[in-house]
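Enquirer: After the structure tokens below, expect a handful of questions from me.
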Amino acid sequence: MNGFKSQQHRWTKGSIQTCKKLLPSIWRSKLPFPIKLEATVHLMSNFAYLLLACLCVLLHPSVGGPQAGWLRTLLIDIPIFLAASVSVAVFYICAQRELHPRTWMKEILFLPCLLALGIGLSLNNALAVLEALFNHKSDFTRTPKYGIEHKSQPWRACKYRPLKSALPIAEMAFAIYFSYFIWFALVHRQFLSIPFLLMFQSGFLYVSLSSLVPWWPKFNFGGSRAAAAVPA
């Protein structure tokens, strides 16, 4: 997971840096407006992680505030939900249908897990967006390689020393944060919101625990001492 997060961080930061470099030139060019608009949407797509992280933080004041009437829910909340959530689900469903015409119905059963993983990565990738926006320089962190050349070659014995970061702790805090909201929804009988809150809670919990796993052998809970780790 730590290798995957470092890769996603690198790609997200690079995409925002590319956006800052190319977008002004694109809009100054004589390209047709639809092409400019499509390029803008494509280059700015990773800003969604920053907005998602802000949404997680703002959930508490929105829940604690006055409840909206049915008219605002119908005219504002439902259209925003359909545009932000259902559109993503439809995108992945159409992609799976094209890639796996015979088994796509089985593939989409994993769609909630995919969405939860994307949510769990939001803090990691939002940090990458901020680093790119504020021109924060960082070292190149390579993705761990195990040198696997054939199927019978084991990879689990290859240990990488994880980089020191407080991000998994923050992700765990968000998992606890959304556990509270699940309890809040149960108490106030807001049952329709629970499946969506579960995606947030499980996403942050999975990413956090998976990031902390490489540190567990260090505590040596009665087990054998792990092999010497290689710096990531």
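Numbered by this note's numbering, the letters in the sequence shown go through residues 662 to 893 in order. From the three backbone atoms N, C-alpha and C, an ideal C-beta is built for every residue, glycine too.
1. Nearest to Phe-623 by alpha carbon, out of Leu-704, Phe-861, Asn-796, Val-702?
2. Could you tell me the distance, in whole angstroms, from the CA atom of Ala-789 to the CA atom of Ile-769?
3. Below 8 angstroms, can you find three or more Cβ-Cβ pairs linking the segment 749-765 to the segment 848-865?
4. Could you check what DSSP says for Gln-668 in three-state terms: helix, strand or coil?
5. Under 8 angstroms, Cβ to Cβ, is there at least one residue of chain C near Ser-667?
6. Helix, strand or coil: which one does DSSP assign to Gly-675?
7. In terms of residue numbering, what span does the alpha helix (DSSP H) encompassing Leu-858 cover?
8. Just to confirm before moving on: does the CB-CB distance between Leu-782 and Lys-666 stay below 8 angstroms?
9. Which value, in whole angstroms, describes the spacing of the CA atoms of Ala-846 and Ser-706?
10. Go through its chain and collect everything with a Cβ distance to Ser-871's Cβ below 7 angstroms, but skip five positions before and after it.
Expert: With the given structure in hand:
1. Because the chain in this structure spans residues 662 to 893, residue 623 falls outside the shown range and cannot be described.
2. Their backbone Cα atoms lie some 29 angstroms apart in a straight line.
3. Contact fails: fewer than three Cβ-Cβ distances are below 8 angstroms.
4. Secondary structure of Gln-668 (DSSP, three-state): helix.
5. The structure shown contains no chain C; it holds only a single protein chain.
6. In the three-state DSSP reduction, Gly-675 falls in the helix class (H, G or I).
7. Run containing Leu-858: 855-873, per the alpha helix (DSSP H) assignment.
8. In this structure, Lys-666 lies closer than 8 angstroms to Leu-782 by Cβ.
9. Taking the straight line joining both Cα atoms gives about 31 angstroms.
10. Cβ within range, chain order: Met-662.
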